[in-house]
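Okay, so here's the structure we're looking at.
Number of protein chains: 2
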Amino acid sequence: MSASPSPAGPRPYHHGNLKTALVEAGLALLEERGLGDLSLREIAARVGVSHTAPKNHFGSLKGLLTAIAAEGFRRHAAALEAGLKPADGPVERLHAAAEGYVRFARAHPALFRLMFSADLCDFGDPDLTAAASESYGVLARLAGRLEPGTAEPGERQTRMETLLWSIVHGYATLANEGQLAAGPDGAPVHGIADLFRHWPRFA
Amino acid sequence: MSASPSPAGPRPYHHGNLKTALVEAGLALLEERGLGDLSLREIAARVGVSHTAPKNHFGSLKGLLTAIAAEGFRRHAAALEAGLKPADGPVERLHAAAEGYVRFARAHPALFRLMFSADLCDFGDPDLTAAASESYGVLARLAGRLEPGTAEPGERQTRMETLLWSIVHGYATLANEGQLAAGPDGAPVHGIADLFRHWPRFA
DNA sequence: GCCGAAAATTTACACTGGAAACATGAGTGC
DNA sequence: GCACTCATGTTTCCAGTGTAAATTTTCGGC
Chain A
1 MSASPSPAGP RPYHHGNLKT ALVEAGLALL EERGLGDLSL REIAARVGVS HTAPKNHFGS
61 LKGLLTAIAA EGFRRHAAAL EAGLKPADGP VERLHAAAEG YVRFARAHPA LFRLMFSADL
121 CDFGDPDLTA AASESYGVLA RLAGRLEPGT AEPGERQTRM ETLLWSIVHG YATLANEGQL
181 AAGPDGAPVH GIADLFRHWP RFA
Chain B
204 MSASPSPAGP RPYHHGNLKT ALVEAGLALL EERGLGDLSL REIAARVGVS HTAPKNHFGS
264 LKGLLTAIAA EGFRRHAAAL EAGLKPADGP VERLHAAAEG YVRFARAHPA LFRLMFSADL
324 CDFGDPDLTA AASESYGVLA RLAGRLEPGT AEPGERQTRM ETLLWSIVHG YATLANEGQL
384 AAGPDGAPVH GIADLFRHWP RFA
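Here the protein sequences come in this chain order: A and B. Anchor point for the first sequence: position 124 equals 124 in my numbering, and the numbering is continuous, going up by one each time. Anchor point for the second sequence: position 176 equals 379 in my numbering, and the numbering is continuous, going up by one each time.
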């Protein structure tokens, strides 16, 4: 590959794959340092490039963060689908997706917060919105299965979608910020599935 | 010389009420500039004081933000209680509190985000935790009224509390970050009360 | 081989929060 | 009345941030 020069050779002037390398470095630093201590200069340094190099590809820090968030949403969508067994009924599938949602958020708290920070990301970016829609679509389809035929034609977001998203997202957010009472293992005492079971309609 | 605070006189060396003045300035700047563009130096400048003056009272920026968040939680608790009519039943009171929760979040988005940012605030601070508990208590009492006698003795956080808090907080957060489909007036098409009405148990 | 465009670099700037040394003055004990 | 104390603010400095502009290097098409 042109992107992988001889290991012993001097670092080439042109990186060859800077765009994706910066996103990956950003994702890695997000895990290590958290969102607050993340800096463009440090991401660039990790890739071995000057701190102004990202500008050519992303314009600004916000552009880079937007690209990172987009990749986050793609992985998020995959996490949602991960536990979905086609043989299960709509309720079981909902529970599985909800647990995937929360598991992803808790496994990658900094990335998750970035993904839902409208002032750090540019939600006008087509790539980001496409990735976010991909993730949202999983939840929306599950909501539709729970109430077939109730969505009005042309409706962008049903009440059931809003309700499900609110509860799952709220739980994940509160858990990540340390607001939910935690048991000895550090996890919240009530899992997200417990909440759904406590919710008569989907028990 | 004169201790009289004549309006035309030179600014005294000692402010006299810096602590609360800084918190109020911070709250005002939070409304105007948002959380991202908030700076300790600007808060200090608005009060007319050097940028290191806050250190004496708050230690660091995090300390100041913690104090601001605590004041936010007190106002938040007041907003929750605002629409509560004693004559109403538990369900009506829940709806009113939920709308108060969301209304506060949407009216003060930057403050609301600060209040739930564990990396910006110090949730080990007693004043902050007391204020946050005050706000949480309103919701917890409402949850208890919905299911009297179900809480196990000594239970810190019931499932019902977690469920209600998740849905309300998730809705407020998603709305603030512009993630919920909005109608022509900019508000989400489905209000928080619509979600509760859609939730069979509390329709 | 040459030349334009793309990709990185260097340099400079305004801004941030924090640390350290210093200045002020309000309050207290005598 | 007076001196001493010490909380409260100021000044100065520093490392670090993101961005802009001018410059250098390299790739790719002719």
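Heads up, the beta-carbon is just placed ideally off N, CA and C, and yes, glycines get one too.
Cα-Cα separation between residue i and residue j, rounded to whole angstroms
{"i": "SER39/A", "j": "GLY357/B", "result": "44 Å"}
{"i": "GLU177/A", "j": "LYS288/B", "result": "32 Å"}
{"i": "SER369/B", "j": "VAL168/A", "result": "7 Å"}
{"i": "GLU364/B", "j": "TYR304/B", "result": "14 Å"}
{"i": "LEU195/A", "j": "GLY219/B", "result": "50 Å"}
{"i": "VAL250/B", "j": "LEU221/B", "result": "8 Å"}
{"i": "PRO12/A", "j": "ALA28/A", "result": "23 Å"}
{"i": "HIS57/A", "j": "ALA181/A", "result": "43 Å"}
{"i": "ALA78/A", "j": "LEU267/B", "result": "40 Å"}
{"i": "THR20/A", "j": "GLY36/A", "result": "22 Å"}
{"i": "LEU225/B", "j": "ALA256/B", "result": "10 Å"}
{"i": "ASP388/B", "j": "GLN382/B", "result": "15 Å"}
{"i": "ALA107/A", "j": "ARG159/A", "result": "29 Å"}
{"i": "GLN360/B", "j": "HIS14/A", "result": "56 Å"}
{"i": "GLY83/A", "j": "ARG93/A", "result": "8 Å"}
{"i": "ALA290/B", "j": "ARG74/A", "result": "49 Å"}
{"i": "ALA343/B", "j": "GLY394/B", "result": "22 Å"}
{"i": "ILE271/B", "j": "SER117/A", "result": "21 Å"}
{"i": "LYS258/B", "j": "LYS55/A", "result": "36 Å"}
{"i": "ALA390/B", "j": "SER336/B", "result": "29 Å"}
{"i": "GLU32/A", "j": "GLY262/B", "result": "26 Å"}
{"i": "GLU355/B", "j": "GLU152/A", "result": "42 Å"}
Residue-level contact to chain A via CB, residue i, 9 Å cutoff
{"i": "ILE271/B", "result": "no"}
{"i": "ARG359/B", "result": "yes"}
{"i": "GLY381/B", "result": "yes"}
{"i": "ALA206/B", "result": "With a pLDDT of 34 at ALA206/B, under the threshold of 50, the modelled position of this residue cannot be trusted; read the value that follows with caution. No, ALA206/B does not count as interfacial toward chain A."}
{"i": "GLY347/B", "result": "no"}
{"i": "VAL392/B", "result": "yes"}
{"i": "PHE326/B", "result": "yes"}
Start and end residues, alpha helix (DSSP H) containing residue i
{"i": "THR376/B", "result": "362-379"}
{"i": "THR332/B", "result": "329-349"}
{"i": "ASP194/A", "result": "192-198"}
{"i": "LYS222/B", "result": "221-236"}
{"i": "ARG46/A", "result": "40-47"}
{"i": "LYS265/B", "result": "264-285"}
{"i": "LYS55/A", "result": "54-58"}
{"i": "PRO90/A", "result": "90-107"}
Beta-carbon separation (whole angstroms), residue i vs residue j, contact threshold 8 Å
{"i": "ALA375/B", "j": "ALA308/B", "result": "4 Å"}
{"i": "GLY237/B", "j": "ASP119/A", "result": "7 Å"}
{"i": "HIS279/B", "j": "SER338/B", "result": "5 Å"}
{"i": "ALA97/A", "j": "LEU61/A", "result": "With a Cβ gap of about 32 Å, ALA97/A and LEU61/A do not count as contacting."}
{"i": "TRP402/B", "j": "LEU163/A", "result": "7 Å"}
Residues near residue i in its chain [Cβ-Cβ closer than 7 Å; skip 5 each side]
{"i": "PRO312/B", "result": "ASN379"}
{"i": "GLY183/A", "result": "VAL189"}
{"i": "ARG41/A", "result": "HIS51"}
{"i": "ALA70/A", "result": "ASP127, LEU128, ALA131"}
{"i": "THR269/B", "result": "CYS324, ASP325, ASP328, LEU331"}
{"i": "GLU81/A", "result": "VAL138"}
{"i": "ARG103/A", "result": "ALA79"}
{"i": "GLU147/A", "result": "MET160"}
{"i": "VAL252/B", "result": "HIS218, LEU221"}
{"i": "GLU99/A", "result": "GLY83, ILE192, ALA193"}
Test: residue i CB closer than 9 Å to a CB of chain B
{"i": "VAL168/A", "result": "yes"}
{"i": "GLY36/A", "result": "yes"}
{"i": "THR52/A", "result": "no"}
{"i": "ALA181/A", "result": "yes"}
{"i": "ALA118/A", "result": "yes"}
{"i": "ARG159/A", "result": "yes"}
{"i": "LEU163/A", "result": "yes"}
{"i": "PHE58/A", "result": "no"}
{"i": "HIS198/A", "result": "yes"}
{"i": "LEU65/A", "result": "no"}
{"i": "ASP194/A", "result": "yes"}
Beta-carbon contacts of residue i that lie in its chain and below 6 Å, excluding the five residues immediately before and after
{"i": "LEU314/B", "result": "LEU233, GLY275"}
{"i": "ARG348/B", "result": "PRO293"}
{"i": "ALA413/B", "result": "Here chain B covers residues 204 to 406 and nothing more, so residue 413/B does not appear."}
Residues of its chain near residue i, where Cβ-Cβ distance is below 8 Å and the 5 sequence neighbours each way are ignored
{"i": "LEU204/A", "result": "Given a span of 1 to 203 for chain A in the structure shown, any question on residue 204/A remains unanswerable."}
{"i": "THR353/B", "result": "THR361, MET363"}
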